[in-house]
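Participant:
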Amino acid sequence: MESLQVLRSIAFIVGIFLLLFGVAMLIPAITNNYLGYEWKNFLVGFIVTCTFSAIFILLGKLNRVHGMPAIFAITSCTWIALSLFAAIPFYLDSLSYIDALFEAVSGITTTGATVLSYIEQQSPGILLWRAMLHGIGGFGVITVGIAIFPIFKVLSLNNLLYSEYSDALKRKLPHTRSVVIHIAEIYYCLILLCIFSYYLAGMPLFDAVCHGMSAVSTGGFANYNDSIGYYNNPILEVITIIFMILGSLPFLSYLKIIRRLDVCYDEQVSYFIKIVVISSLLACFWLYKNFDLGVFLSFRYSTFTITSFITSTGYVMCNYLNWSFISVLAFFLAFIGGCGGSASGGIKIFRLVIFLKSIRNYFSSLLNPSESDRVKLNGKILENDEVQSVFTFFAIYMLTFAISSIVMSCLSNADFITSISSVSAMLTNSGPGFSNLIGPSGNYSSFSGGVKLFLSFLMLLGRLEILPIYFCIGSLYWKLCHSRV
């Protein structure tokens, strides 16, 4: 009975999201129709998506669900369903369904990897739909992060929003139920501000709209094969860097600032900015010392590339494969990612902070057992199970990366660098890899259908913080095993 209630809840929630998705398809349809391009693929997508939406809503029923299995199942099924239907316009345009699914998953997970070889030849509607998937998916990432963290006993919404303040200050904060609405307002205001900034800097309005959604969501889809490098405009690059960083900061911190609270300090933000600055300066110094580029170009190339990868955006404006140190540095920074509660991918800064502090405390306790201390984050002492959850996540994440790299090399017969960098690009949702095949001038079109499905799974796995999908697979396997007994 309880399983049936969960299934009906999943059906209802998926139906509501599909309805919104179907209506969203009308925007690129109208765009293509107005500009004289093929638009019926979006109309068909709208009809099919809304039809299934109505079926799910009629069969489903919104019940109050409890526990991790139900929450994880709803989250995973919603993202998978949205990806399946988001692929319809791509499929009806020119791609095979597997290619279309890869492109859709890449968009909605804000990965930014593509199978399109000639992006400039795509219709405006297709380009807009790719950007819209980033815009929708980026907000979904933030809200999922806020919902999932409390379940893992790390950075719950109360910890993020309330723990630092007195009772008087807490009254200024919104009710927990309205937090998502406020975050949506902040998120889409940032997108509008980015679009306006791009347009003022000389970017065409349509490109500004697409790249604005892509930059703030840390997605990485661009309207040109050369990505942001197509414009060769330092001002546009600076704007992109700013909004990639803004999209990688915790959106709850913006809410604190807007509410004019006395304390707006967030430890993970401090660490994030320090890592970006130090890494960019190191890369700049290395470029300047080893290549005849000058200070300006060295700083320009290094800062953009480092910021693009640590924010998991994946925009490119130069061929970073020519520079070994920057490639290696960017590879590892992509694993770190941005802050918790942001649109970026990766392991997240707050986990890295807790991880490093735990290691420091461990060695301190070995040297001075009497001076052992508990791990703190933003001045709050973390419980042992909160710290343990971070170590567990690290272990599962790296084990997933290792096993997936082996599977990737087996399925694709690709070289070592291509195998591990494609897996890392999918898990961290950063997009481009570190070989000529999938690097700044390449794409994922040459892989087989099976490999693309596997990479699509990894994108969803990384976007949903790995554990929800594993939990759903484990629960399903457990039920199947017990049903045979």
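In this text, residue positions in the sequence shown follow my numbering: the first is -16, and each later residue adds one. Ideal Cβ positions, reconstructed from N, Cα and C, are used throughout, including at glycine.
Using the rule of at least 16 other Cβ atoms within 10 Å of the residue's Cβ for burial, across every protein chain shown, is GLU103 buried or exposed?
Facilitator: In summary, GLU103 is exposed, with fewer than 16 beta-carbon neighbours lying within 10 Å of its beta-carbon over all protein chains present.
Participant: Alpha helix (DSSP H) containing GLN251: first to last residue?
Facilitator: 250 to 273
Participant: What's the C-alpha gap between SER146 and TYR237?
Facilitator: Unreliable placement is indicated for SER146, whose pLDDT of 36 sits below 50; the coordinate value is still reported in the next sentence. C-alpha separation (whole angstroms): 16 Å.
Participant: So, is THR92 buried or exposed, given that buried needs 16 or more other C-beta atoms within 10 angstroms?
Facilitator: buried
Participant: May I have the straight-line CA-CA distance separating ILE386 from ALA408, to the nearest angstrom?
Facilitator: Straight through space, the alpha carbons of ALA408 and ILE386 are spaced by roughly 15 Å.
Participant: Going by DSSP in three states, LYS359 sits in which element: helix, strand or coil?
Facilitator: Note: LYS359 maps to strand in three-state DSSP.
Participant: Rounding to the nearest angstrom, what Cα-Cα distance links ASN351 and ILE403 in this structure?
Facilitator: 40 Å
Participant: Looking at the secondary structure, which residues open and close the alpha helix (DSSP H) in which VAL199 lies?
Facilitator: 188 to 199
Participant: Report yes if the C-beta distance between HIS117 and GLY202 is below 8 Å; otherwise report no.
Facilitator: It is a contact, given that the beta carbons lie within the stated cut-off.
Participant: Quick check: the stretch 58 to 65 against the stretch 253 to 266, are there 3 or more CB pairs under 8 Å?
Facilitator: no
Participant: Using CA coordinates, which residue listed in LEU365, ILE(-7), SER307 is at the minimum distance from ASN46?
Facilitator: ILE(-7)
Participant: Between which two residues does the alpha helix (DSSP H) harbouring MET227 extend?
Facilitator: 217 to 230
Participant: Which ranges would you report for the alpha helix (DSSP H) in the stretch 412 to 453 if only whole runs of at least 4 residues count?
Facilitator: 432 to 446
Participant: Could you tell me the distance, in whole angstroms, from the CA atom of LEU304 to the CA atom of LEU173?
Facilitator: 31 Å
Participant: Say whether chain D places a C-beta atom closer than 8 Å to the C-beta of PRO451.
Facilitator: Of the protein chains in the structure, only one exists, and it is not chain D.
Participant: Report back the beta-carbon spacing between ARG334 and VAL373 to the nearest angstrom; my notes put them in contact at under 8 Å.
Facilitator: Between VAL373 and ARG334 the Cβ distance is about 5 Å, and since that is below 8 Å, they are a contact.
Participant: Compare the Cα-Cα distances from SER281 to each of ILE319, PRO217, LYS331 and report the closest residue.
Facilitator: Residue PRO217 is the option with its Cα nearest to SER281.
Participant: Can you grab the Cα-Cα spacing for the pair TYR20 / VAL31, in whole Å?
Facilitator: Approximately 21 Å, taken between the alpha carbons.
Participant: Reducing DSSP to helix, strand and coil, say where ILE364 ends up.
Facilitator: strand
Participant: Cα-Cα, which of GLY328, PHE377, ALA317, GLY324 is closest to LEU339?
Facilitator: It is PHE377 whose Cα lies nearest to the Cα of LEU339.
Participant: Applying the criterion that 16 or more other CB atoms from any shown protein chain within 10 Å of the CB defines a buried residue, is LEU181 buried or exposed?
Facilitator: The question names Leu, but residue 181 is Tyr in the sequence shown. With 16 or more Cβ atoms within 10 Å of its Cβ, TYR181 is classed as buried.
Participant: Residues in the same chain with beta-carbon distance under 7 Å from LEU316, minus the five sequence neighbours each way, listed in chain order, please.
Facilitator: So the list reads SER262, ILE289, PHE292, ILE293, once near-sequence residues are dropped.
Participant: So, using beta-carbon positions, are CYS455 and PHE35 closer together than 8 Å?
Facilitator: no
Participant: Decide if TRP112 is buried, meaning its Cβ has at least 16 other Cβ atoms within 10 Å, or exposed.
Facilitator: buried
Participant: Within 10 angstroms of the Cβ of ASN412, are there 16 or more other Cβ atoms? Answer buried if so, exposed if not.
Facilitator: buried
Participant: So what does DSSP say about CYS322, is it helix, strand or coil?
Facilitator: coil
Participant: Decide if HIS277 is buried, meaning its Cβ has at least 16 other Cβ atoms within 10 Å, or exposed.
Facilitator: Per the sequence presented here, residue 277 reads as Gly, with His not at that position. GLY277 is exposed by the Cβ-count criterion.
Participant: Is the Cβ-Cβ distance between SER100 and SER395 less than 8 Å?
Facilitator: Not in contact: SER100 and SER395 (Cβ atoms no closer than 8 Å).
Participant: Let me know the secondary structure DSSP gives CYS172 once reduced to three states.
Facilitator: helix
Participant: Here's the rule I'm using: 16 or more other beta-carbon atoms within 10 Å means buried, otherwise exposed. How should GLY416 be labelled?
Facilitator: buried
Participant: Could you work out which residue in SER307, PHE234, LEU420, PHE0 is closest to THR97 when comparing CA atoms only?
Facilitator: LEU420
Participant: With a CB to CB cut of under 8 Å and the five nearest residues on each side skipped, what residues in its chain are close to VAL299?
Facilitator: Counting only Cβ-Cβ distances below 8 Å, and skipping sequence neighbours, we find ASP209, SER210, ILE211, GLY212, THR288, SER291, PRO415, PRO423.
Participant: Just mark VAL434 as buried or exposed, buried being the case when its beta carbon has 16 or more other beta carbons within 10 Å.
Facilitator: VAL434 should be labelled buried.
Participant: When you compare only the Cα positions, how much space is there between SER337 and LEU78?
Facilitator: A small correction: the amino acid at residue 337 is Ile; Ser does not occupy that position in the sequence shown. Going by the C-alpha atoms only, they are around 44 Å apart.
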